[in-house]
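Protein chains in written order, with this note's numbering: chain S, 259 to 423; chain B, 259 to 423. Where a beta carbon is used, it is the ideal one built from N, C-alpha and C, also for glycine. Since this is a predicted model, take the numbers as computed values, not measurements.
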């Protein structure tokens, strides 16, 4: 099955149009319920309910232990180029944080795939609100070499916060 | 600086509108030049040229060694729910591959940040075409635990291909 019929770019404006391929089911109804800040654990169970018309696109996904979910901060309005994240008391550029107030309100979460039931993926590690629109799912294929990974202001904030984090 | 003025969802249709925050500069002018398939190495140097109006959003990004770049397959038209990737000779669901022919033509690349010059990020590991629109940049914060990572059909294809890969 293929789809050639739908417009994805308005060439006049340079904007791109994206549609939900499905929705997240999560235990979180309000952003205040989502663990945030240093040491926050994301191990909540949830599911990714993909629209029936896209179900064939999930073929063979069961073989991957982890998936990259790209989704929309659909309750976020506007953006801030500088903001202070819950994990620090200093402002940082939006592209150096996971803030929801981004020029494009795109969120990204790596989840563990627990099982698949037709168009529904049972996953662990959701940090999205219930009802969040999903734009894309990709297999998680490789890690960054740990000895080369530097985590900037986040590592500094963890150091300042001390060993309890 | 913040922006509240721009529409991001057409509530009537359920589609979301996304705009380029900048463009990729890469050595690749045609998709045929981009290394693909098993064992493909992505170590090309390139840059992410962010629009001047978003430059403040890059504050403190220099501290991160790796960035997640979310971009648009702007030369891809339409989608296939099943396709055979360059790394295998068997078809897989689009959400289990990195195919450009996706319901939403969103690409994702993890790059190494080499340096920043104002609104321009020099990076290593680009696999995008020159001129690719960038939608978002996020800091790469953590790896999946290697002992828990399974890579599905890709690991199987590598095994079939033998030790030369």
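Quick check: the stretch 290-297 of chain B against the stretch 295-307 of chain S, are at least 3 beta-carbon pairs closer than 8 Å?
no
Mind checking if residue 362(B) is an interface residue toward chain S, Cβ cutoff 8 Å exclusive?
Residue 362(B) sits at position 104 when you count from the first residue of the second chain. Yes, contact with chain S.
Cα-Cα separation, residue 286(S) to residue 317(S):
Along the first chain, read from residue 1 onward, the residue named residue 286(S) stands at position 28. Along the first chain, read from residue 1 onward, the residue named residue 317(S) stands at position 59. For residue 286(S) and residue 317(S), the distance between alpha carbons rounds to 28 Å.
Run through DSSP, which three-state label would residue 372(B) get?
Residue mapping note: residue 372(B) aligns to position 114 of the second chain, counting from 1. Residue state, collapsed to three classes: strand.
Evaluate contact between the stretch 300-320 of chain S and the stretch 382-389 of chain S, counting only Cβ atoms and requiring at least three cross-stretch pairs below 8 Å.
yes
Residues bridged to residue 397(B) (per DSSP):
Counting from 1 along the second chain, the entry for residue 397(B) is found at position 139. Note: residue 397(B) sits in a beta bridge opposite 325(B).
Determine whether the Cβ of residue 298(B) lies closer than 8 Å to any Cβ atom of chain S.
The count along the second chain starts at 1 and reaches residue 298(B) at position 40. No, its Cβ sits nowhere closer than 8 Å to a Cβ of chain S.
Paired residues, beta bridge with residue 382(B) - DSSP:
As a working mapping, residue 382(B) is identified with position 124 in the second chain. Partner(s): 303(B), 370(B).
Compare the C-beta of residue 262(S) with all C-beta atoms of chain B and state if any pair is closer than 8 Å.
Here the question's residue 262(S) lines up with position 4 in the first chain. Since pLDDT at residue 262(S) reaches only 42, below the 50 mark, its modelled position is unreliable, and the value read off the structure follows with that caveat. With 8 Å as the cut-off, residue 262(S) counts as an interface residue toward chain B.
Chain B beta carbons: is any one of them nearer than 8 Å to that of residue 294(S)?
Along the first chain, one-based indexing puts residue 294(S) at 36. Residue 294(S) does not count as touching chain B.
Once the 5 residues before and after residue 355(B) are set aside, which same chain residues still bring their CB inside 7 Å of it?
For the purposes of this step, residue 355(B) is taken as the residue at position 97 of the second chain. Counting only Cβ-Cβ distances below 7 Å, and skipping sequence neighbours, we find 341, 343.
Is it buried or exposed for residue 400(S), if we count other Cβ within 10 angstroms and need 16 for buried?
As a working mapping, residue 400(S) is identified with position 142 in the first chain. So residue 400(S) counts as exposed.
Between residue 397(S) and residue 371(S), what straight-line distance do the alpha-carbon atoms span, to the nearest angstrom?
As a working note, residue 397(S) is residue 139 in the first chain. As a working note, residue 371(S) is residue 113 in the first chain. Each residue's Cα considered, the two are about 10 Å apart.
For residue 350(B), list the residues DSSP reports as bridge partners.
Mapped onto the second chain, residue 350(B) falls at position 92. For residue 350(B), which the question treats as bridged, DSSP gives the partners 341(B).
Could you tell me the distance, in whole angstroms, from the CA atom of residue 409(S) to the CA atom of residue 367(S)?
Numbered from 1 along the first chain, position 151 holds the residue referred to as residue 409(S). Numbered from 1 along the first chain, position 109 holds the residue referred to as residue 367(S). Whole-angstrom Cα-Cα distance: 17 Å.
Segment limits, beta strand (DSSP E) that includes residue 418(S)
For the purposes of this step, residue 418(S) is identified with residue 160 of the first chain, where counting begins at 1. First-last for residue 418(S): 410-419, but that is the alpha helix (DSSP H), not the beta strand (DSSP E).
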